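Take the sequence shown: its position 57, counted from the start at 1, is 57 in UniProt numbering, and no numbers get skipped.
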Amino acid sequence: MAASPSPSSSSAPSTSSSKGWLSNISSIASRIYFFLIMLQIPLFRIPCRSGMCTTPLHVTSSQLIASEIFPIPVVKALLYPGAVVNGVVTSMTVPSWDNLLSIYNLTSAKESPAVADLQRLEVFFPLHP
1 MAASPSPSSS SAPSTSSSKG WLSNISSIAS RIYFFLIMLQ IPLFRIPCRS
51 GMCTTPLHVT SSQLIASEIF PIPVVKALLY PGAVVNGVVT SMTVPSWDNL
101 LSIYNLTSAK ESPAVADLQR LEVFFPLHP
């Protein structure tokens with residue numbers, strides 16, 4: 001006697017699998033954005049204390065160095081993964097820990113005037129009436 005196919009074994013795609021993917025879209029997008037930030041993929045060009053910053057970590061690092069909130073080794077630890085990826089991709093070399101601040105032009109970030117920072121904040125948080 002032949003068994004009839006059960007409804008659960010049909011070959012049509014189930015809607016629960018598509019709903020599962022759509023419910024995870026924000027999680028997937030946040031992970032992608034996290035890796036873009038950590039690997040320091042250039043997302044913009046904006047003037048900052050160290051010249052032109054092209055990544056969110058570059059802007060953040062220049063602010064952290066200028067305000068002396070975190071010690072320099074912590075800022076270097078934030079910058080190092082992206083510097084390694086950038087160094088390997090562009091010149092097939094791994095940057096040294098000691099040259100990290102000079103690669104990002106952050107050696108003189110403390111000397112920049114703080115007044116200009118207020119103008120730069122408008123890029124991140126536009127002021128609307």
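We put the CB at the ideal spot given by N, CA and C, even for glycine. All values derive from a computational prediction rather than experimental measurement.
Inset, instruction - Taking all protein chains shown into account, decide if Gly82 is buried (16 or more other Cβ within 10 angstroms of its Cβ) or exposed. - result: So Gly82 counts as buried.
Inset, instruction - Tell me, to the nearest whole angstrom, how far the beta carbon of Leu57 is from that of Leu79; I am working on the premise that it is less than 8 Å. - result: Rounded to the nearest angstrom, the Cβ distance from Leu57 to Leu79 is 6 Å, consistent with a contact under 8 Å.
Inset, instruction - Just confirm the distance between the C-beta atoms of Asn105 and Ser50, as a whole number of angstroms; I'd bet it's less than 8 Å. - result: Contact between Asn105 and Ser50 is confirmed by a C-beta separation of about 4 Å, below the 8 Å threshold.
Legend entry - For Pro47, three-class secondary structure by DSSP: Strand, per DSSP.
Legend entry - Cα-Cα separation between Ile25 and Phe34, rounded to whole angstroms: Roughly 14 Å separates the two Cα atoms.
Inset, instruction - Sort Ile37, Thr107, Pro47 by Cα distance to Asn86 and report the nearest one. - result: Cα-wise, what sits closest to Asn86 is Ile37.
Inset, instruction - Consult DSSP for Met92 and reduce its assignment to one of helix, strand or coil. - result: Met92 sits in coil when the DSSP states are folded into three classes, being neither helix nor strand.
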